[in-house]
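**Student:** Residues in the sequence shown are numbered from 1 upward in steps of one, following full-length UniProt numbering.
Even glycine gets a Cβ: it sits at the ideal position worked out from N, Cα and C.
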Amino acid sequence: MLRSHNLLILATRRLAMATVARKGLVLGFYEGEAEGEVHLTKTAKQFQDEKKKCLPDLLQISGLAAKKGKCNLFVGLDAEYNNVVLTSLGKKGVGVNELEEIDEGKDNVRTGVAAGVKLLHDAGVKTISVDPCNEPEAAAEGAFLSVWAYDELKAADKRKPPPELSLAAGNNDVSQCWERGKILAEGQNLARYLMEGPANKITPTAFAKIAVEKLGSLANVTVTPRDKAWAQSMKMGAFLSVAQGSHEPPVFLEVKYQGAADASTAPLIFVGKGITFDSGGISIKPSENMDYMRADMGGAACALSAIYTAAKLKLPINLVGLMPLTENMPGGSATKPGDVHTAMNGKTIQIDNTDAEGRLVLSDALCYADTFNPCAVVDLATLTGGLVGWLVGWLVVLWLVSRLVVLWLVSRLAGWLVS
Numbered sequence: 001m002l003r004s005h006n007l008l009i010l011a012t013r014r015l016a017m018a019t020v021a022r023k024g025l026v027l028g029f030y031e032g033e034a035e036g037e038v039h040l041t042k043t044a045k046q047f048q049d050e051k052k053k054c055l056p057d058l059l060q061i062s063g064l065a066a067k068k069g070k071c072n073l074f075v076g077l078d079a080e081y082n083n084v085v086l087t088s089l090g091k092k093g094v095g096v097n098e099l100e101e102i103d104e105g106k107d108n109v110r111t112g113v114a115a116g117v118k119l120l121h122d123a124g125v126k127t128i129s130v131d132p133c134n135e136p137e138a139a140a141e142g143a144f145l146s147v148w149a150y151d152e153l154k155a156a157d158k159r160k161p162p163p164e165l166s167l168a169a170g171n172n173d174v175s176q177c178w179e180r181g182k183i184l185a186e187g188q189n190l191a192r193y194l195m196e197g198p199a200n201k202i203t204p205t206a207f208a209k210i211a212v213e214k215l216g217s218l219a220n221v222t223v224t225p226r227d228k229a230w231a232q233s234m235k236m237g238a239f240l241s242v243a244q245g246s247h248e249p250p251v252f253l254e255v256k257y258q259g260a261a262d263a264s265t266a267p268l269i270f271v272g273k274g275i276t277f278d279s280g281g282i283s284i285k286p287s288e289n290m291d292y293m294r295a296d297m298g299g300a301a302c303a304l305s306a307i308y309t310a311a312k313l314k315l316p317i318n319l320v321g322l323m324p325l326t327e328n329m330p331g332g333s334a335t336k337p338g339d340v341h342t343a344m345n346g347k348t349i350q351i352d353n354t355d356a357e358g359r360l361v362l363s364d365a366l367c368y369a370d371t372f373n374p375c376a377v378v379d380l381a382t383l384t385g386g387l388v389g390w391l392v393g394w395l396v397v398l399w400l401v402s403r404l405v406v407l408w409l410v411s412r413l414a415g416w417l418v419s
């Protein structure tokens, strides 16, 4: 009997591939304490009552996948929603993990909804309604993150457009939380797009152009790409020393968001490392996995994403994003080990290893950040291998400088809130 049930589920999954024109529904349930026990979400219970379907029994017949993030697909269960996914949200009542400082309940919803939506999207379902699962913001974030893909370089007929996603149920407050989650996902997907694109498509100039296209029309946002001549006028010798080995012109991207009621409120500044391709320069990297170095502008991508998200959410804060964008290449005019360059603040820097370019571009950006009289500066960059060696020292510095302690505590709180 169990084998026949498994064959039935396999057949329904295959059938789902042929039902691309039908609507899909993602419903959540929690894993119970007893084996085989499940607890439906409010929306799942409403669906069960309206459709006269006993969902727990169907889960048992299908061979119940109850572990968090696991999905159960049913085809032909309902006339309106031909494809229904019941996705596990893990244990009910899970809250904040104090050690990891994340809300595991929200994370389970994000993971479960993402898995369910992706299953339907992969099956070709074009319209998907999503159970808010008591956490509509997390549900929306998981849903919209799960259907994103970098496919713009594929032939038009090979691309798979994302499905239309909507709330299955909810009042105005739930809808507002859903929209907030959607914005959070959009911001993250912007950073993913920038980091995933090949380096010949996401050059410093192209990065700046995308910033103008995505943020230029947002309220209270100004996007200013600065060229090489401007950087020279600011005496950013450290930044320019990295750029001199590439034929791609450098760009110093400045993005401002004025969300505070008082325009004079000191801004929070994001300084993002923007190496759009890092070959290592003359101190060249090993060839293996060098293509991943297209994402060495992840700090700049996240800085831009943060400001985009803040502007869309209309947060009452002033933000500035500073993104020094350049390639690090071993051209004929590239910086050589042993060369000495002068930063914006007049300090000279001897270059021992040209693959340590991140601190060079950031040094001038941090000097420039100081001219804004910020309330705090957040430095965003892809990890350097040297960090491991002096991590303990950094922690000592962090706790010795009181202002950084405050920033650390605020960062922990922010991380918990968005988890």
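Tell me where the alpha helix (DSSP H) around A376 begins and ends.
**Tutor:** Looking at the DSSP string, A376 is not in any alpha helix (DSSP H); the run it does join, the beta strand (DSSP E), is 376-380.
**Student:** Determine the closest residue to K182 out of A140, L25, D364, R226, with distance taken between C-alpha atoms.
**Tutor:** Per the Cα distances, A140.
**Student:** Label L153 either buried or exposed according to how many other C-beta atoms from any shown protein chain fall within 10 Å of its C-beta, with 16 as the threshold for buried.
**Tutor:** So L153 counts as exposed.
**Student:** Taking the beta carbon of R226 as the centre, do at least 16 other beta carbons fall within 10 Å, making it buried, or is it exposed?
**Tutor:** Looking at its Cβ environment, which holds 16 or more other Cβ atoms inside 10 Å, R226 is buried.
**Student:** If you count every other CB in all the chains shown that lies within 10 Å of the CB of R159, and 16 or more means buried, which is it?
**Tutor:** Exposed is the call here.
**Student:** Which two residues bound the contiguous alpha helix (DSSP H) that contains C177?
**Tutor:** It spans 172-196 - the alpha helix (DSSP H) in which C177 sits, taken as one unbroken run.
**Student:** Where do the N-terminal and C-terminal ends of the beta strand (DSSP E) with E327 fall, by residue?
**Tutor:** Per DSSP, E327 belongs to the beta strand (DSSP E) from 318-328.
**Student:** Measuring CB to CB, does L380 end up less than 7 angstroms from G274?
**Tutor:** For L380 and G274, no; Cβs fall outside 7 angstroms.
**Student:** If you count every other CB in all the chains shown that lies within 10 Å of the CB of C302, and 16 or more means buried, which is it?
**Tutor:** C302 comes out buried.
**Student:** When the distance is taken between beta carbons, is V361 closer than 7 angstroms to P337?
**Tutor:** Result no, Cβ atoms of P337 and V361 do not sit closer than 7 angstroms.
**Student:** For P330, tell me which candidate among E104, G245, G76 has the shortest Cα-Cα distance.
**Tutor:** The shortest C-alpha separation from P330 is found at G245.
**Student:** How long is the line joining the alpha carbons of L398 and V378, rounded to whole angstroms?
**Tutor:** For L398, the pLDDT reaches just 48, beneath the cut-off of 50, and the residue's location in the model is therefore unreliable, although a value from the coordinates is still provided. Whole-angstrom Cα-Cα distance: 13 angstroms.
**Student:** Going by C-alpha to C-alpha distance, which of M293, V223, Q188, C375 sits closest to L266?
**Tutor:** As written in the sequence, residue 266 is Ala, which differs from the Leu given in the question. Selected option, being the one with the closest Cα: C375.
**Student:** Going straight from the alpha carbon of G280 to that of F207, what length do you get?
**Tutor:** Answer to the nearest angstrom: the Cα atoms are 20 angstroms apart.
**Student:** Answer with buried or exposed for L145, where buried requires no fewer than 16 other C-beta atoms within 10 angstroms of its C-beta.
**Tutor:** By the 10 Å Cβ count, L145 comes out buried.
**Student:** Enumerate in chain order the residues of its own chain whose CB-to-CB distance from G187 is below 8 angstroms, with the five nearest sequence positions on each side excluded.
**Tutor:** Here the set comprises S305, A306, Y308, T309, K312.
**Student:** Quick one: which unbroken beta strand (DSSP E) runs of 3-plus residues sit fully inside the stretch 61-110? Chain order, please.
**Tutor:** For the stretch 61-110, whole beta strand (DSSP E) runs of length 3 or above, ordered along the chain, are 71-75, 81-91.
**Student:** If you follow the alpha helix (DSSP H) that residue 423 is in, where does it begin and where does it stop?
**Tutor:** No information on residue 423 is available, as it lies outside the stretch 1 to 419 that the chain covers here.
**Student:** Quick one: measure Cβ to Cβ for T326 and V242, integer angstroms, because I've assumed they're closer than 8 angstroms.
**Tutor:** With a Cβ gap of about 5 angstroms, T326 and V242 count as contacting.
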